[in-house]
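Undergrad:
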Amino acid sequence: MESSEVFKLIESKYPDALKSIDLEGIEQSVTIDVNSIADVCNYLKTESELQFTSLMCLSGVDYEDKMEVVYHLHSLLHDHRVTLKVELSRDNPKLPSVSGVWKAANWHEREAYDMYGIVFDDHPDLRRILLPDDWEGFPLRKDYVVAEKYRGWTIRKIKEGFE
Amino acid sequence: MGIIENKFRDNVIITSADKFMNWARLSSLWPITFGIACCAIEMMATAASRYDQDRLGIIPRPSPRQADLMIVAGTVTFKMASRIKRLYEQMPEPKYVIAMGCCATSGGPYWQHGYHVMKGVDQVIPVDVYVPGCPPRPESLLEGFIKLQDKIRRESIATTQAA
Amino acid sequence: MPDLKTEEMVVQMGPQHPATHGVLRLEITTDGEIVRKINPHIGYLHRCFEKHCEELNYHQIIPFVDRCDYLAAMNNEHGYVMAVEKLLDIEIPERVEYIRVIMSELNRIASHLVALGTYGLDIGAITPFLFTFRDREKILDLFEMTSGARLLYNYIWIGGVAFDLPNGFVEKCFEFIDYFLPKLKEYDDLLSYNKIFIKRTAEVAIIPPAVAIEWGITGPNLRASGVDWDLRRDEPYSIYDKFEWDVIVADGRVGVLGDSWSRYYVRVLEMEQSASIVKQALEGLPSDENVKSAVPKKVRPKEGSVFFRSENPRGELGYYIISDGSDIPYRLKMRSPAFCNLSAISDVGEGLLISDLVSLLGSIDIVLGEIDR
Ligand code: SF4
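Protein chains in written order, with this note's numbering: chain Y, -19 to 143; chain A, 967 to 1129; chain Z, -2 to 370.
1) Where are the beta strand (DSSP E) runs, 3 residues long or more, that stay fully inside the stretch 6 to 57 of chain Y, in chain order?
2) Using a Cβ-based criterion (distance less than 6 Å to any ligand heavy atom), does Arg64(Z) qualify as near the ligand SF4?
3) With a cut-off of 8 Å, do at least 3 Cβ pairs link the stretch 179 to 196 of chain Z to the stretch 243 to 250 of chain Z?
4) Any idea if Gln57(Z) is buried or exposed, counting beta-carbon neighbours within 10 angstroms, 16 or more meaning buried?
5) Would Gly1001(A) be called buried (16 or more neighbouring beta carbons within 10 Å of its own) or exposed?
6) Just confirm the distance between the C-beta atoms of Arg44(Z) and Thr1071(A), as a whole number of angstroms; I'd bet it's less than 8 Å.
7) Please list the terminal residues of the continuous alpha helix (DSSP H) segment that includes Val8(Z).
8) With DSSP collapsed to three states, give me the class of Ile136(Z).
9) Helix, strand or coil for Leu85(Z)? Go by DSSP, reduced to three states.
10) Show which residues of chain A have a CB atom less than 7 Å away from the CB atom of Pro15(Z).
11) Check each candidate in Met1036(A), Lys985(A), Phe986(A), Cys1005(A) and name the one with the smallest Cα separation from Gly366(Z).
12) Apart from the five residues on each side of it in sequence, which residues of its chain come closer than 8 Å, Cβ to Cβ, to Glu116(Y)?
13) If you run the structure through DSSP and keep just helix, strand and coil, what is Glu232(Z)?
14) Could you tell me which of Ile153(Z), Ala122(Z), His109(Z) sits nearest to Ile136(Z), measuring between CA atoms?
15) Do Ile98(Y) and Gly40(Y) come within 7 Å of each other at the CB atom, strictly closer than that value?
16) How about Gln1019(A): is its C-beta nearer than 7 Å to some C-beta of chain Y?
17) Ends of the alpha helix (DSSP H) at Thr26(Z)?
18) Pick out the complete alpha helix (DSSP H) segments inside the stretch 276 to 346 of chain Z, 4 residues or longer, and give them in chain order.
19) Touching or not, the stretch 88 to 99 of chain Z and the stretch 147 to 166 of chain Z, by the rule of three or more beta carbon pairs under 8 Å?
20) Can you tell me which of Cys337(Z), Arg147(Z), Ala335(Z) puts its alpha carbon nearest to the alpha carbon of Met1009(A)?
21) The alpha helix (DSSP H) with Asp0(Y) in it runs from where to where?
22) Quick one: give me the first and last residue of the alpha helix (DSSP H) that Glu1109(A) is part of.
23) I'd like to know whether the C-beta of Met1046(A) is nearer than 7 Å to at least one C-beta of chain Z.
24) Please list the terminal residues of the continuous beta strand (DSSP E) segment that includes Arg33(Z).
25) Do you know offhand how far Leu377(Z)'s Cα is from Ser323(Z)'s?
26) Could you please tell me which residues of the stretch 212 to 226 of chain Z, in chain order, have their CB closer than 8 Å to any CB of chain Y?
27) Less than 6 Å separating the Cβ of Gly1040(A) from some heavy atom of the ligand SF4?
28) Name the chain A residues that come within less than 7 Å of Tyr130(Y), Cβ to Cβ?
29) In the DSSP assignment, what are the bridge partners of Tyr1096(A)?
30) What number of angstroms, rounded off, separates the C-alpha of Glu88(Z) from the C-alpha of Met142(Z)?
31) Beta-carbon of Trp133(Y) versus every beta-carbon of chain A: anything under 7 Å?
32) Shorter than 7 Å from the beta carbon of Tyr1089(A) to some beta carbon of chain Y?
33) Could you check if Pro1075(A) belongs to the surroundings of the ligand SF4, using beta carbon to heavy atom distance under 6 Å?
34) Along the chain, where does the alpha helix (DSSP H) that runs through Ala84(Y) open and close?
35) Nearest chain Z C-beta to Thr1130(A) closer than 7 Å, yes or no?
36) List, in order along the chain, the chain A residues whose C-beta lies closer than 8 Å to that of His43(Z)?
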């Protein structure tokens, strides 16, 4: 099934959830409303025509004025794929977790939290995953400034005048 | 320092004892198997068939308690740094450290942008021999072993001026 | 006998543990010898790969891509450059495609050899390690001939490869294939059908197909569970559709489908297929084309994004690249196969014996560099 057909199905089932469809470029995607992302994902996974059984990737993106979470789904059975996006405000990035839909989302969401500070509601175990628990800041945010020291160790050893 | 160091003055007997003890120490360096990153694969290659570090009496041990050499083979991150320190402290005296690869020596490729990479393992533990390269070839690691053996050959248990 | 009071104990496994293949820490709650709960801690090798991608231009990222999965650097490069080429929309000379496939498949063999050898070590067999590394060195010699490096190559470039194949490579490679194929029998005798090895691995740590898909397990681990899926065949990229080869799916000939032994043996059989692909590619190698003719001077993709997956020795390696029109990616996310494969461990590992956990961990063949990035 083509991505555009999947988008139509979503539109007919959840008319309010669909915010915009992007059919330009290499990758076609659809933007879903924050609050209904878990429902839409559940529908995509369980509907017999679609059966997006695997979550290939879940990535956070920081666009200076907003945050985005991108879901790449794939169906092993029907061999089709789709890209979903969710837009979030930068001050309070918060959305429902899809770890109830695919277990694979568990670690991906923890990583997005670790790197961007995006909070996933109802996540069973939302902790930092890669960085130590006492790390400050979210390093992949565009405005992240590397601290001087961590537990007394120098982080950046850049010489004067060297760049 | 071990229990017999710095107990005696320099004399004829001590010189012979030195020779014997240094010979024993340098001929059976037992490194702790502690691969962190890419360099560890080259460390494994050094231990395997073609390069055969056994020729120098070097046999990897899985436990720090039985080891007298630590090869820091790979990138040291801040999350890892405290563990390295603890492992080093668990090793019995006399103990030596080889920093393998430019990551362990200085941060290597991650020097400039690696916010989570420690710029040189010598920030946490003292290093005896630095082996440069990314990754160092097994031959360079062997050269590092030989350099360390040279260093051990010059050691003495006699009281030094500084002590 | 009065009731014995038992209690659960938390045991730390790693980060320095010979069976964790690097710096993985598992916090296991045990009830005697039985693992009740696993809490994996990763990140001990987090080297800020994605941050580097936002600071360096498209060409400069290639060496860092190597360092993510250091056992399969060529495969990583191949996946990355294909993603960028898709973004740039450029055509690649045919000879380059052939060289890339030869390199990727050789690297797949090398990676599986390490997986086999170290798995043997985990289970307690030291000899196979020496045998597999002996053969791996021969592949590394071939790589060294072409790229100058043993482990991290920076060889596959956007639009081409760094150097053409050196004189005598093709003959040496044929020689290697002829040398290597009989060796597979040796591994079978040495390890695969060894009674002790079978006892340790067969019917241990079974991953049913549904669980595997749910957790996003891919690659040999998925095929060991009986799911017939290989990107090289099902979403053919590069020139994989030109060759004749089989996708290896486990059949549970020893033990059951999805156990540690199947995961191990899929790799053995896969090496045979890779060798056959290399052979076909060498035979069909087009002669004399400039391997750098399509290398762009400046990589400046249009605005947009691409998600591209390729088959790495450990599974599906995906790159999600967002370009803002400059020569530095705006965002690059790597979907690393071992990350997803490992995440299943807390589910699959429950209820196993501690020694079986080692058998499970070794059989999913993790590379921490890629998990932590
Ligand atoms: S020095 Fe190079 S090869 Fe060694 S750990 Fe660092 S990046 Fe890897």
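Every residue gets a Cβ at the ideal spot worked out from N, C-alpha and C, and that includes glycine. These numbers were taken from a predicted model, which means no experiment stands behind them.
TA: In terms of the structure at hand:
1) 9 to 12, 34 to 43, 46 to 54
2) Here residue 64(Z) corresponds to residue number 67 of the third sequence, with the count starting at 1. Yes, the ligand SF4 has a heavy atom inside 6 Å of this Cβ.
3) no
4) Here residue 57(Z) refers to the residue found at position 60 when the third sequence is read from its first residue. Label assigned to Gln57(Z): exposed.
5) Taking the second sequence and counting its residues from 1, one reaches residue 1001(A) at position 35. It counts as buried.
6) What you label residue 44(Z) is simply residue 47 of the third sequence in a count that begins at 1. What you label residue 1071(A) is simply residue 105 of the second sequence in a count that begins at 1. In fact, because the Cβ distance is near 15 Å, the residues do not count as touching under 8 Å.
7) Counting from one through the third sequence, the residue named residue 8(Z) turns up at place 11. Element bounds for Val8(Z): not the alpha helix (DSSP H) but the beta strand (DSSP E), 6 to 10.
8) One-based indexing of the third sequence puts residue 136(Z) at position 139. Three-state DSSP puts Ile136(Z) in a helix.
9) By one-based count along the third sequence, residue 85(Z) stands at place 88. Three-state DSSP puts Leu85(Z) in a helix.
10) As a first step, residue 15(Z) must be located in the third sequence, where it is residue number 18. Under the 7 Å cutoff, chain A gives Thr999, Pro1028.
11) Here residue 366(Z) is taken as the residue at index 369 of the third sequence, counted from 1. Out of Met1036(A), Lys985(A), Phe986(A), Cys1005(A), Cys1005(A) has the C-alpha closest to the C-alpha of Gly366(Z).
12) For the purposes of this step, residue 116(Y) is taken as the residue at position 136 of the first sequence. Closer than 8 Å at the Cβ level, and outside the excluded window around Glu116(Y), lie Ala127.
13) On the third sequence, position 235 is the one that residue 232(Z) refers to. Three-state DSSP puts Glu232(Z) in coil, outside helix and strand.
14) Along the third sequence, read from residue 1 onward, the residue named residue 136(Z) stands at position 139. If we check each option's Cα against that of Ile136(Z), His109(Z) comes out closest.
15) Against the first sequence, residue 40(Y) aligns to sequence position 60. Against the first sequence, residue 98(Y) aligns to sequence position 118. Closer than 7 Å, so yes.
16) As a working mapping, residue 1019(A) is identified with position 53 in the second sequence. Gln1019(A) does not count as touching chain Y.
17) Against the third sequence, residue 26(Z) aligns to sequence position 29. Where Thr26(Z) is concerned, there is no enclosing alpha helix (DSSP H), although the beta strand (DSSP E) it sits in stretches over 22 to 28.
18) 334 to 340, 342 to 345
19) yes
20) Here residue 1009(A) refers to the residue found at position 43 when the second sequence is read from its first residue. The candidate whose alpha carbon is nearest that of Met1009(A) is Arg147(Z).
21) Translated into positions along the first sequence, residue 0(Y) becomes position 20. It should be pointed out that residue 0(Y) corresponds to Ser in this sequence rather than to Asp. Premise fails: Ser0(Y) lies in the beta strand (DSSP E), -2 to 2, not in any alpha helix (DSSP H).
22) Here residue 1109(A) corresponds to residue number 143 of the second sequence, with the count starting at 1. Segment 1104 to 1119, the alpha helix (DSSP H) holding Glu1109(A).
23) As a position in the second sequence, residue 1046(A) is number 80, starting the count at 1. Met1046(A) counts as touching chain Z.
24) Numbered from 1 along the third sequence, position 36 holds the residue referred to as residue 33(Z). Unbroken beta strand (DSSP E) run through Arg33(Z): 31 to 38.
25) With chain Z running from -2 to 370 in the structure shown, residue 377(Z) is simply not present.
26) Trp212, Gly213, Val224, Trp226
27) Walking along the second sequence from the start, residue 1040(A) turns up at place 74. Yes, the ligand SF4 has a heavy atom inside 6 Å of this Cβ.
28) To locate residue 130(Y), count along the first sequence from 1; it is residue 150. Going along chain A in sequence order, the residues near Tyr130(Y) (Cβ under 7 Å) are Phe1044.
29) As a working note, residue 1096(A) is residue 130 in the second sequence. Ala1065(A).
30) Locating residue 88(Z) in the third sequence gives position 91, counting from the first residue. Locating residue 142(Z) in the third sequence gives position 145, counting from the first residue. For Glu88(Z) and Met142(Z), the distance between alpha carbons rounds to 27 Å.
31) Position 153 of the first sequence, counting from 1, holds the residue named residue 133(Y). Yes, its Cβ sits closer than 7 Å to a Cβ of chain A.
32) As a first step, residue 1089(A) is located in the second sequence; it is residue number 123 there, counting from the start. Note on identity: in this sequence residue 1089(A) is Gln, with Tyr being the wrong assignment. Chain Y, which has a Cβ nearer than 7 Å to the Cβ of Gln1089(A), makes this yes.
33) Taking the first residue of the second sequence as 1, we reach residue 1075(A) at position 109. Yes - the ligand SF4 has a heavy atom lying nearer than 6 Å to the Cβ of Pro1075(A).
34) As a working mapping, residue 84(Y) is identified with position 104 in the first sequence. Careful: Ala84(Y) lies outside any alpha helix (DSSP H) and carries neither H nor E.
35) Shown here, chain A extends from 967 to 1129; a query on residue 1130(A) therefore has no answer.
36) As a working mapping, residue 43(Z) is identified with position 46 in the third sequence. Result: Thr1043, Lys1045, His1082.
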